[in-house]
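Chemist: Residue numbers (the working numbering): 1 to 634. Got a structure for you, written out below as structure tokens; questions coming shortly.
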Ligand SMILES: [Fe+2]
């Protein structure tokens, strides 16, 4: 019998190694090596092509967990190297079985051992990864009370954990210092916000973002929430134009005829009762903004209606750029505050974080490690469960930032999330369709994913694991979302590619665009007030600086907003850019070539974006591939 050369790789971060002894043995097509306490099979046995590696960690007093990356086995003789991906913690006294890394479908198996392995693996995982209802009417979550209860493989690695805890402590200290420093200072003009505007600043932060109409309009396309804008196809029914506004009507109709009229409608917030913070009622509105696009591409606001008509106010006031400056500024501030609520809960929390968790839990429950879709998706789920468990804890907490500083925090956010969930269609998650539905797309799309790693139509249709995964996402995780266009089965490879592209886009580019842009646009509080402390104005003439400052967040709320924004939009210390994960779940040269091609495409895209940015007054950096995290990690 020949000699086997075995290479074992441990995770590269602090505490991933172990002092415990590890036993390993090999399983081949023609036999299994006897269990020995040495890293080799029994002598005299011809194992044939290797199928599995088995691991057992021994300990006497301390079970020192070991994070095993992968194991490769070379030999005997000239046989090609076989790789056995692991990428998980080895703990306890059980035996861990790692199949050879070639992607295999359930229907393809002629070898019963692989079939048995995948069935056993799924059975075990379904006991560990269970669904829970956080709130009725919202996507299901992983069943844990906090991040501490998660399976070890879903938790932060040591460096990330230390960094996270350190940032929370230093952030709390910074907020306390700012608050004490400002305790006896004035808080009666916009400049007073500069008193707490410490530390790392973006050049985009600051009063021009709000005061300049061009920058106000710019944010609907390039800010932290580019999801609201639609090209108008008619004048919105809620826009009641009273007599005396004939000139405005004519301007709106002219822009409509030209196809250059746009709108952003925050009606989702209408009727939601706002938070009460330390006994003080906060206020919400549901504004409508009409904008025109000039031939130069500038998007400029034309009119703002802060609240929709109701029985008490059948003709709510319309605010115009020609109004007294403070009245117009206050109207824009109401839009920006409403935008923050919708951005945070609909487009950030629900459409990226919660959806990514559904994908992650369904993947763990339905797809065995041998499945190509598992191998493709698992790097895009890193840290998401722990991030979301922490997010839910923060949202539930009465002393948390949302309860203490945000007008939809402390309970109203659940109503907002439910309304947003009712609007969550499959099309709204796929940029070409969503942009087309909003009248913002006039060019052919390059969105559709394609991967030579995925099987053909017949195999897709007949793959029970893949079909179960699809149903698990749509019917279970998203609570019967088939009526909103989510598939309950995959009938073709193209349909599967489209769905997987949506999954990966959500976990990477979409989250990056709405998350890492926050520091630029939300750090200067008046440009995105976390709450409004006075009711929206019903007249224009009485608006003073006292009205504006009395409406904007107070010092404490502003400090909390800045802390939150800095924490979540900071580049993460162990950031993995899209497509550059180091885990090798796939075996063989073909998947490696596909990944290399993907990386080359991303590099080309990076260069294209950089060249385009050089021509722009304000570069758009958030979708540069090098800035996209491979998963939702914050
Ligand atoms: Fe996030």
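Backbone N, C-alpha and C fix where the C-beta goes; we use that ideal spot for every residue, glycine too.
Would you kindly work out how many angstroms separate the C-alpha atoms of residue 366 and residue 576, rounded to a whole number?
Modeler: 26 Å
Chemist: Going straight from the alpha carbon of residue 580 to that of residue 620, what length do you get?
Modeler: 22 Å
Chemist: Go ahead and pull the three-state DSSP assignment for residue 603.
Modeler: helix
Chemist: Should the stretch 233 to 246 be regarded as contacting the stretch 376 to 390, the criterion being three or more beta carbon pairs within less than 8 Å?
Modeler: no
Chemist: Taking only runs that begin and end inside the stretch 358 to 400, name each unbroken alpha helix (DSSP H) of 4 or more residues, in chain order.
Modeler: 372 to 377 and 384 to 396
Chemist: Leaving aside the five residues before and after residue 217 along the sequence, list all residues of the same chain whose C-beta is less than 8 Å from its C-beta, in chain order.
Modeler: 291, 298, 299, 300 and 301
Chemist: Can you tell me whether DSSP reads residue 282 as helix, strand or coil?
Modeler: coil
Chemist: Whole angstroms is fine: what's the gap from residue 226's alpha carbon to residue 518's?
Modeler: So the alpha carbons of these two residues sit roughly 12 Å apart.
Chemist: Would the beta-carbon of residue 388 be found less than 7 Å away from any heavy atom of ligand 1?
Modeler: no
Chemist: Is DSSP giving residue 568 helix, strand or coil here?
Modeler: helix
Chemist: With H, G and I counted as helix, E and B as strand and the rest as coil, what does DSSP make of residue 631?
Modeler: coil
Chemist: Whole angstroms are fine: how far does the CA of residue 26 sit from the CA of residue 12?
Modeler: 25 Å
Chemist: Give me the residue from 398, 525, 320 and 142 with the minimum Cα distance to residue 539.
Modeler: 320
Chemist: Which whole-angstrom value is the C-beta distance of residue 428 and residue 83, which I expect to be below 8 Å?
Modeler: Contact flag wrong, Cβ pair sits at about 39 Å.
Chemist: Is any non-hydrogen atom of ligand 1 found closer than 7 Å to the C-beta of residue 276, if you look at the structure I gave you?
Modeler: no
Chemist: Relative to the C-alpha of residue 30, which residue among 17, 48 and 15 is closest?
Modeler: 48
Chemist: Near residue 437, which residues of its chain fall below 7 Å by C-beta distance, leaving aside the five closest residues on each side in sequence?
Modeler: Here the set comprises 427.
Chemist: Give a yes or no on whether the C-beta atoms belonging to residue 264 and residue 235 are separated by under 8 Å.
Modeler: No. Outside cutoff.
Chemist: Per DSSP, which residues does residue 28 bridge with? Please list them.
Modeler: Bridge partners of residue 28: 31 and 50.
Chemist: Does the stretch 179 to 194 come close enough to the stretch 127 to 142 that 3 or more CB-CB pairs lie under 8 Å?
Modeler: no
Chemist: Could you check which residue in 2, 116, 258 and 552 has the C-alpha nearest to that of residue 295?
Modeler: 258
Chemist: Regarding residue 515 and ligand 1, is the C-beta to nearest heavy atom distance less than 7 Å?
Modeler: True, at least one ligand heavy atom lies under 7 Å from that Cβ.
Chemist: Quick check on DSSP: helix, strand or coil for residue 328?
Modeler: helix
Chemist: Checking the sheet assignment: what are the DSSP bridge partners for residue 72?
Modeler: 7 and 83
Chemist: Going by the beta-carbon positions, is the gap between residue 408 and residue 395 smaller than 8 Å?
Modeler: Taking the C-beta atoms as reference points, residue 395 is found no nearer than 8 Å to residue 408.
Chemist: Taking buried to mean at least 16 other C-beta atoms within 10 Å of its own C-beta, is residue 19 buried or exposed?
Modeler: The residue is exposed, with fewer than 16 neighbouring Cβ atoms inside 10 Å.
Chemist: Going by Cα to Cα distance, which pick from 303, 97 and 582 is closest to residue 251?
Modeler: 303
Chemist: In angstroms, rounded to a whole number, what distance separates the CA positions of residue 145 and residue 455?
Modeler: Residue 145 and residue 455 have their alpha carbons spaced roughly 38 Å apart.
Chemist: Just how far apart, CA to CA, sit residue 652 and residue 529?
Modeler: One cannot answer for residue 652 here, as it falls past the ends of the chain, which runs 1 to 634.
Chemist: Going by the beta-carbon positions, is the gap between residue 389 and residue 147 smaller than 8 Å?
Modeler: yes
Chemist: Just to confirm, are residue 95 and residue 4 a CB contact at a threshold of 8 Å?
Modeler: Contact flag unset, no.
Chemist: Report all residues from its chain with a CB closer than 7 Å to the CB of residue 14; omit the five preceding and five following residues, and keep chain order.
Modeler: 158 and 159
Chemist: Would you list the residues sitting across from residue 231 in a DSSP beta bridge?
Modeler: 262
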